[in-house]
Amino acid sequence: MQNKLHAEFNQNDVQIESRQQRYRGFIQIENIQLRHRLFGQTQYSPTLSRELICRRPAAGALLYDPEQQKFALIEQFRVGALDDPSPWQLEVIAGLLDGDESPESCIRRECLEEAGCAVEHLQHLFTFYPSAGACNELYHLYAAPLRLPPHGGIYGLSEEGENIKLHLIDFCDLDELLSSPRLRNAPVIMALQWLKQHIVAKQR
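According to the numbering used here, the sequence shown holds residues 95 to 298 in order.
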């Protein structure tokens, strides 16, 4: 097990031959020509051409209230889910980091904008690449215990095209939600699995 906790290769085992920007907008796309080390061999791979989607790091948090035994999810339209039965996705509150902003600062800003909630305490859960096969976005996932408002509402910044619905969900509905097709993105599934294992299970 010890060997599996340490990567056999690192950045020094990748040879970048060229890196060209193909598109620059809200995201940017690069074409990279590279070679990399191969498992069980001494030589490098042939030159590979890869498209890389470049995106700023993101941070998200699951808000939950142990006293009320509720948690909060938001719902909003997502163009990436355009071919889904419903492009309106249930998610944890999240946003992209601005400049040198910390993940914690990003979450506190987004929680005010998307849920009207002031967050004090944050617990880091995971940091991961949502789609490392094509995108370099790094996602920082947290949990935040706090006093949730009594009701949901509509939030978001209209100047950024946001129209976000806040849902407050009882802990007792968590199992049904986890087994439903309504959850379609990794951060919300990971966060709710953590909530079930570490918070809800201890209250039963």
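Glycine included, every Cβ here is placed at the ideal spot set by N, Cα and C.
Proximity winner among the options, relative to residue i (alpha-carbon distances)
{"i": "Glu111", "options": "Gln127, Val282 and His261", "result": "Gln127"}
{"i": "Ala226", "options": "Gln137, Lys98, Leu146 and Phe120", "result": "Leu146"}
{"i": "Arg278", "options": "Gln135, Pro140, Arg116 and Leu167", "result": "Leu167"}
{"i": "Arg144", "options": "Ala153, Gly134 and His130", "result": "His130"}
{"i": "Gly119", "options": "Arg150, Glu102 and Tyr233", "result": "Arg150"}
{"i": "Cys148", "options": "Ala209, Gly247 and Ile121", "result": "Ile121"}
Limits of the alpha helix (DSSP H) - the one that residue i falls within
{"i": "Gln287", "result": "Ala280 to Leu289"}
{"i": "Ala155", "result": "That residue, Ala155, is in no alpha helix (DSSP H); its beta strand (DSSP E) goes Ala152 to Asp159."}
{"i": "Cys148", "result": "From DSSP, Cys148 is part of no alpha helix (DSSP H) but of the beta strand (DSSP E) over Leu142 to Cys148."}
{"i": "Asn207", "result": "The sequence as given places Glu at residue 207; Asn does not occur at that position. From DSSP, the alpha helix (DSSP H) with Glu207 extends over Pro197 to Ala209."}
{"i": "Cys269", "result": "According to the sequence shown, residue 269 is Asp rather than Cys. That run of the alpha helix (DSSP H) goes Leu268 to Leu272."}
Whether residue i touches residue j by CB criterion (9 Å)
{"i": "Leu268", "j": "Leu286", "result": "yes"}
{"i": "Ala212", "j": "Leu190", "result": "no"}
{"i": "Glu207", "j": "Val282", "result": "no"}
{"i": "Ile258", "j": "Leu271", "result": "no"}
{"i": "Leu235", "j": "His218", "result": "yes"}
{"i": "Ala280", "j": "Cys205", "result": "no"}
{"i": "Pro179", "j": "Pro275", "result": "yes"}
Inter-residue Cα distance where the pair is residue i and residue j
{"i": "His261", "j": "Ala238", "result": "16 Å"}
{"i": "Gln109", "j": "Ile187", "result": "38 Å"}
{"i": "Ile293", "j": "Leu216", "result": "15 Å"}
{"i": "Ile201", "j": "Asp192", "result": "11 Å"}
{"i": "Tyr158", "j": "Glu198", "result": "16 Å"}
Continuous beta strand (DSSP E) stretch holding residue i: start and end
{"i": "Pro239", "result": "Tyr233 to Pro239"}
{"i": "Glu169", "result": "Lys164 to Phe171"}
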